[in-house]
Amino acid sequence: MALMNCPECGGQVSDKAHACPHCGYPIQELVKKGPELPEVCLYEYKGTTYDVTDIVRAILAGDRGEAAGTLWELLGLKREEVIMVLSAIENQFGIRP
Ligand SMILES: [Zn+2]
């Protein structure tokens, strides 16, 4: 069970809760729909900001392999860095693989 912040009132609520105990916001609908993503997803890596929208969408579509490949080309990463940065991006945008 993980705690998340209610988008309506900001209170802490379990991601398993049907609705927010503070304001009644329908948490389950949000969990099913996935995180609200910005139009353009930006990720900062070593002082440079990259547009990782395509990567985020690939992860959401369940294609982690393609996301890793795009990330690798975009950031010029070493292979062992790709998974680390991929996880960091998932955390930043609230994606649960
Ligand atoms: Zn709430």
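Numbering-wise (the numbering used here), the sequence shown opens with residue 62 and increments by one. Glycine included, every Cβ here is placed at the ideal spot set by N, Cα and C.
Residue nearest to residue i in terms of C-alpha spacing, selected from the options
i	options	result
residue 107	67, 138 and 134	138
residue 83	65, 100 and 97	65
residue 109	73, 129 and 136	136
residue 116	132, 153 and 63	132
residue 126	143, 103 and 149	143
residue 124	79, 75, 112 and 151	151
Element boundaries [beta strand (DSSP E), containing residue i]
i	result
residue 115	Element bounds for residue 115: not the beta strand (DSSP E) but the alpha helix (DSSP H), 114 to 121.
residue 74	73 to 75
residue 105	103 to 106
residue 64	64 to 66
Residue i CB to nearest heavy atom of ligand 1 below 6 Å
i	result
residue 69	yes
residue 102	no
residue 79	no
residue 86	yes
residue 126	no
residue 108	no
residue 130	no
residue 72	yes
Chain B contact for residue i (CB, 7 Å cutoff)
i	result
residue 77	Protein chains in the displayed structure number just one, and chain B is not present.
N-terminal and C-terminal residue of the alpha helix (DSSP H) that residue i is part of
i	result
residue 127	125 to 136
residue 147	140 to 153
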